[in-house]
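Notes to accompany the following structure.
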């Protein structure tokens with residue numbers, strides 16, 4: 362039985378007055394994809410930077426790969442793969458040289474780096490572009506290269522901070538596929554995201570963060586079962602109408618959320634609830650029945666949407 | 028371990044430079060030629076036709092100017108390599124962030140940077156020394172020896188400028204550094220004329236600038252002439268500046284990067 366790669370207890374990060382991470386506890390198990398879901402500013406990146414041994418903890422305890430980030434930073438970092446939120450590739454260098462240079466930072470011998478570069482270029486689908494200066498790559502290619510670069514030292518734990526933010530849907534799906542393969546190969550993944558679909562696709566288990574605190578923890582399925590209903594009916598009314606009909610929705614569903622642009626009805630059975638809407642002579646512009654998602658969980662827990 | 032980490036950073040700096048060296052060719056090769064031609068030969072002819080070189084105690088103004096310019100060029104290289112490239116690492120390209128998420132730590136990052144600047148300074152100074160020899164401004168052996176104090180002078184700027192850049196949020200601070208720091212030093216630290224020519228009030232200021240000590244040493248070796256203070260005093264001053272500022276650079280960069 363391998364030890365948990367990350368154990369955090371009362372982990373806290375303060376910047377002057379701001380409490381970025383507020384006494385959180387979590388344990389990441391070997392081989393799992395563990396997610397931090399929350400809006401921008403929830404404290405996800407601060408947590409990642411502490412785990413990555415690049416940011417000192419303010420209080421609490423943190424163990425990464427069995428070591429203390431404060432005293433064993435270089436030893437921890439030599440076994441980590443880090444994909445930062447903002448790409449920090451050397452844009453003046455060609456694709457393959459970015460991998461070479463990074464490998465040298467880890468002190469890997471040239472022969473091993475050469476072999477891994479071939480595999481990683483293949484993995485990132487950049488073999489054809491290997492001689493190109495990074496500046497000329499598209500956003501999706503840069504992101505793939507950053508992920509490939511993080512694998513040069515064959516890390517046991519891979520930290521991905523908002524891996525697909527700013528990418529088009531096609532590039533996102535390609536990346537998810539790559540990450541899924543890494544997990545299949547036994548790596549432990551730590552992923553932050555403010556996309557609920559990403560969290561649902563990739564994470565075995567996740568914590569929902571808001572304002573520096575963990576507000577819920579579990580698998581995506583468990584969280585949805587625990588905090589939401591099976592289905593959701595989304596109603597959109599013509600401009601100005603929504604305010605006038607709110608009270609006529611009373612008792613129609615287990616729970617009702619009034620958002621600025623639509624009304625969400627939480628219910629075990631969407632079709633039945635839709636029928637009741639029509640019986641009450643409510644005429645929305647559109648009516649959609651869908652399954653509950655982590656977005657609904659977040660809304661329930663914090664009263665706010667993930668993406669403002 | 029610490030040495031090996033520093034060497035890794037140095038190697039990466041060298042690899043990166045292989046890709047971007049073209050941008051620095053003009054400053055490395057052409058600037059010394061232009062300056063020596065314009066000031067040394069052009070202006071020098073005027074100086075030499077009067078009593079100028081007599082009071083300078085050299086055979087010609089060109090011979091007086093060349094070693095001073097070598098030290099001043101080293102200053103500009105050391106300072107220049109520690110402004111925009113360091114800012115790029117911290118903020119624009121963020122390569123320092125990338126390095127620090129590997130086993131590299133802030134000390135290795137800073138020392139690797141300064142080590143690489145030392146290598147660059149050696150190369151730039153050698154090129155410059157060879158060009159001055161071709162101008163006939165300095166004898167071969169002494170010209171090559173004067174590279175050593177020039178490198179030391181360059182480092183005495185690279186280290187404090189790195190420490191300064193590490194504290195900057197915006198790049199305007201970099202152009203101010205050149206406008207109010209490097210350019211006045213270039214003009215008034217004994218490169219073009221002895222600091223005794225300065226108003227008495229300003230003379231002591233020149234004594235505390237690293238460039239003046241560097242110029243004195245470089246000129247003393249190149250011309251086999253005496254230095255104002257004992258040579259070891261000049262060396263000790265420059266070494267002290269390098270050591271103290273390198274420590275400061277590590278501290279400032281840590282405050283900036285490890286938050």
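Chains as they are written, first to last, in this note's numbering: chain A, 362 to 669; chain B, 28 to 286. A virtual CB, placed ideally from N, CA and C, is assigned to each residue, including glycine.
Residue i - containing alpha helix (DSSP H), residue span
i, result
"residue 428 of chain A", "Looking at the DSSP string, residue 428 of chain A is not in any alpha helix (DSSP H), and its letter there is neither H nor E."
"residue 409 of chain A", "405-412"
"residue 279 of chain B", "258-284"
"residue 152 of chain B", "133-161"
"residue 526 of chain A", "First-last for residue 526 of chain A: undefined, no H or E at that position."
"residue 656 of chain A", "655-663"
"residue 570 of chain A", "Note, residue 570 of chain A: premise wrong, no alpha helix (DSSP H); beta strand (DSSP E) at 566-571."
"residue 597 of chain A", "No alpha helix (DSSP H) holds residue 597 of chain A; the beta strand (DSSP E) holding it covers 592-597."
"residue 34 of chain B", "29-47"
"residue 478 of chain A", "471-484"
"residue 503 of chain A", "500-511"
"residue 229 of chain B", "It is not in any alpha helix (DSSP H) - residue 229 of chain B carries neither H nor E in the DSSP assignment."
"residue 224 of chain B", "Counting along the chain, residue 224 of chain B falls outside any alpha helix (DSSP H), and DSSP gives it neither H nor E."
"residue 248 of chain B", "237-249"
"residue 562 of chain A", "557-563"
"residue 220 of chain B", "Looking at the DSSP string, residue 220 of chain B is not in any alpha helix (DSSP H), and its letter there is neither H nor E."
Nearest residue (CA-CA) to residue i, options the options
i, options, result
"residue 545 of chain A", "A/373, A/564 and A/652", "A/564"
"residue 643 of chain A", "A/664, A/596, A/493 and A/394", "A/596"
"residue 139 of chain B", "A/466, A/473 and A/474", "A/466"
"residue 625 of chain A", "A/438, A/602, A/649 and A/579", "A/649"
"residue 652 of chain A", "A/638, A/534, A/632 and A/390", "A/632"
"residue 672 of chain A", "A/635, A/647 and A/582", "The structure shown does not extend to residue 672 of chain A, since chain A spans only 362 to 669, so no value can be given for it."
"residue 64 of chain B", "B/43, B/89 and B/49", "B/89"
"residue 209 of chain B", "B/235, B/103 and B/45", "B/103"
"residue 402 of chain A", "A/431, A/571 and A/500", "A/571"
"residue 42 of chain B", "A/521, A/666 and A/462", "A/462"
"residue 426 of chain A", "A/500, A/494, A/550 and A/608", "A/550"
DSSP state of residue i mapped onto helix, strand, coil
i, result
"residue 650 of chain A", "strand"
"residue 397 of chain A", "strand"
"residue 86 of chain B", "coil"
"residue 455 of chain A", "strand"
"residue 377 of chain A", "coil"
"residue 616 of chain A", "strand"
"residue 579 of chain A", "strand"
"residue 541 of chain A", "helix"
"residue 642 of chain A", "coil"
"residue 387 of chain A", "strand"
"residue 492 of chain A", "coil"
"residue 371 of chain A", "strand"
"residue 627 of chain A", "strand"
"residue 487 of chain A", "coil"
"residue 637 of chain A", "helix"
"residue 181 of chain B", "helix"
"residue 421 of chain A", "strand"
"residue 519 of chain A", "strand"
Continuous beta strand (DSSP E) stretch holding residue i: start and end
i, result
"residue 552 of chain A", "549-554"
"residue 442 of chain A", "441-444"
Item to check | Meets three-Cβ-pair contact criterion under 8 angstroms: the segment 105-120 of chain B and the segment 189-196 of chain B | outcome: yes
Next on the checklist: Please list, in chain order, the residues of the segment 460-491 of chain A that have any C-beta partner in chain B closer than 9 angstroms.
Outcome noted: 461, 462, 463, 465, 466, 467 and 468
Checklist entry - According to a CB-to-CB cut-off of less than 7 angstroms, which residues of the segment 106-128 of chain B neighbour chain A? => result 120, 121, 122, 124, 125, 126, 127 and 128
Next on the checklist: Along the segment 33-45 of chain B, where does the CB come closer than 7 angstroms to a CB of chain A? Name the residues.
Outcome noted: 35, 38, 39, 42 and 43
Checklist entry - What residues from the segment 151-174 of chain B come within 8 angstroms of chain A, judged by C-beta to C-beta, listed N to C? => result none
Item to check | Within 7 angstroms of chain B by C-beta, residues of the segment 499-510 of chain A in sequence order | outcome: none
Checklist entry - If you pair each beta-carbon of the segment 51-61 of chain B with each one of the segment 177-184 of chain B, do three or more pairs fall below 8 angstroms? => result no
Checklist entry - Between the segment 201-211 of chain B and the segment 250-269 of chain B, do at least 3 Cβ pairs fall closer than 8 angstroms? => result no
Item to check | Three CB pairs or more closer than 8 angstroms across the segment 438-446 of chain A and the segment 28-45 of chain B | outcome: no
Next on the checklist: For the segment 401-409 of chain A against the segment 382-389 of chain A, do three or more pairs of beta-carbon atoms, one drawn from each stretch, fall closer than 8 angstroms, so that the two count as touching?
Outcome noted: yes
Checklist entry - Looking at chain B, which residues of the segment 443-455 of chain A have a Cβ within less than 9 angstroms of any of its Cβ atoms? => result 443, 445, 447, 448, 449, 450, 451, 452, 453, 454 and 455
Item to check | At least three beta-carbon pairs within less than 8 angstroms, the segment 366-379 of chain A to the segment 411-428 of chain A | outcome: yes
Next on the checklist: For the segment 69-82 of chain B against the segment 162-170 of chain B, do three or more pairs of beta-carbon atoms, one drawn from each stretch, fall closer than 8 angstroms, so that the two count as touching?
Outcome noted: no
Item to check | chain B contacts from the segment 396-415 of chain A (Cβ-Cβ distance under 7 angstroms) | outcome: 413 and 415
Checklist entry - Got a sec: which bits of the segment 258-284 of chain B sit with their beta carbon under 9 angstroms from any beta carbon on chain A, in order along the chain? => result 284
Item to check | Cβ pair count under 8 angstroms reaching 3, the segment 553-572 of chain A against the segment 612-622 of chain A | outcome: no
Item to check | Under 8 angstroms (Cβ pairs) to chain B, residues found in the segment 426-443 of chain A | outcome: 434, 435, 436, 438, 439, 441 and 443
Item to check | the segment 117-134 of chain B in contact with the segment 208-227 of chain B per 3-pair CB rule at 8 angstroms | outcome: no
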